[in-house]
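Here UniProt numbering is used: the first residue of the sequence shown is 1, the next is one more, and so on. Here's the structure, in structure tokens; my notes come after.
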Amino acid sequence: MTSQLLISDSDLISMLKNGDRKAFSEIYNRYWKSLHHFAYNIVGDENAASDALQEVFVSLWKRRETVEILSLKSYLFQAVRFGVLKLIRQQKTDQLFYTRLAMVTSEIVLENPMLFKEQQHLIAQLISQLPSDCRAIFVMSREENLTYKQIASKLEISEKTVEKKMSISLKMIRSGLNLELCLAVTSFYFLSKS
Numbered sequence: 001m002t003s004q005l006l007i008s009d010s011d012l013i014s015m016l017k018n019g020d021r022k023a024f025s026e027i028y029n030r031y032w033k034s035l036h037h038f039a040y041n042i043v044g045d046e047n048a049a050s051d052a053l054q055e056v057f058v059s060l061w062k063r064r065e066t067v068e069i070l071s072l073k074s075y076l077f078q079a080v081r082f083g084v085l086k087l088i089r090q091q092k093t094d095q096l097f098y099t100r101l102a103m104v105t106s107e108i109v110l111e112n113p114m115l116f117k118e119q120q121h122l123i124a125q126l127i128s129q130l131p132s133d134c135r136a137i138f139v140m141s142r143e144e145n146l147t148y149k150q151i152a153s154k155l156e157i158s159e160k161t162v163e164k165k166m167s168i169s170l171k172m173i174r175s176g177l178n179l180e181l182c183l184a185v186t187s188f189y190f191l192s193k194s
């Protein structure tokens, strides 16, 4: 592509709608730095900001034929803002789950060590039932305390793949624990009343 100044955003949008990879590349190069700065200012994390941008640009390419864009700059900044907020919500959901699990676990440990052993066994069983790639990533993250970046480097995959596999793992464990957690809390409640 020639110079940023020679091709207007509206021309780039038209070219993009026709599947022009060079137009897509020009949009990426033109806006990446300012979008990354914007995302970083919201989330405060380089990796999360980069992940949000990657999602926006992948979505833009996939939806290029159907997306209606009046102002490319406004569209991209709005998409990044939504992407970052979605990422923050997901992180808060995961954090809330672990906080809730820690509270219930501490009550169970104090009141009934046998129930705690059962819960630990259940968690180990749920981890063993994860798909092998998800299980490996989960173990590296939670037991070896590796960051997503370190896991990605070790497995020679993208950080986004690590994030997605962790999300799958957490959802599977969460769904398995939610039922068991309800049963455990209910049992704990009734046992403590007798």
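The C-beta atom is built at its ideal place from N, Cα and C for all residues, glycine as well. No experiment lies behind these values; they were computed from the predicted model shown.
Using only CA atoms, which one of the options lies nearest to residue i?
i      : options                        : result
LEU155 : SER175, SER167, MET140         : MET140
VAL56  : GLU46, ASP45, TRP32            : TRP32
ASN47  : LEU170, THR161, ARG174         : THR161
ILE168 : ALA136, GLU143, SER153, HIS121 : ALA136
ALA23  : PHE38, TRP61, GLU118           : TRP61
With DSSP collapsed to three states, give me the class of residue i.
i      : result
SER175 : helix
GLU156 : coil
GLU26  : helix
ASP11  : helix
SER71  : coil
ASN41  : helix
THR147 : coil
GLY19  : coil
THR66  : coil
GLN125 : helix
Looking only at its own chain, which residues have a Cβ that is under 6 angstroms from the Cβ of residue i, when we skip the five neighbours before and after it?
i      : result
GLY176 : LEU126
ASP11  : none
VAL79  : According to the sequence as given, residue 79 is Ala; it is not Val. The answer, listed in chain order, is VAL56.
Leaving out the 5 sequence neighbours to the left and right, which residues in its chain are closer than 7 angstroms to residue i when beta-carbon positions are compared?
i     : result
LYS17 : ARG64, GLU65
ALA39 : ALA49, ALA52, LEU53, VAL80, VAL84
MET15 : ALA23
Leaving out five residues before and five after residue i in sequence, what residues of the same chain have Cβ atoms less than 8 angstroms from its Cβ?
i           : result
residue 199 : In this structure the chain extends from 1 to 194, so residue 199 is not present and cannot be described.
SER71       : ASP9
ASP20       : none
TYR28       : PHE57
Between which two residues does the alpha helix (DSSP H) containing residue i stretch?
i      : result
LEU6   : Careful: LEU6 lies outside any alpha helix (DSSP H) and carries neither H nor E.
ARG135 : 132-142
ASN47  : 46-62
So, is the C-beta of residue i closer than 8 angstroms to a C-beta in chain C?
i     : result
GLU65 : Chain labels in this structure do not include chain C; a single protein chain is all it has.
I'd like to know if the region 73-88 and the region 41-53 are in contact, where contact means that at least 3 CB-CB pairs between them fall below 8 angstroms. yes
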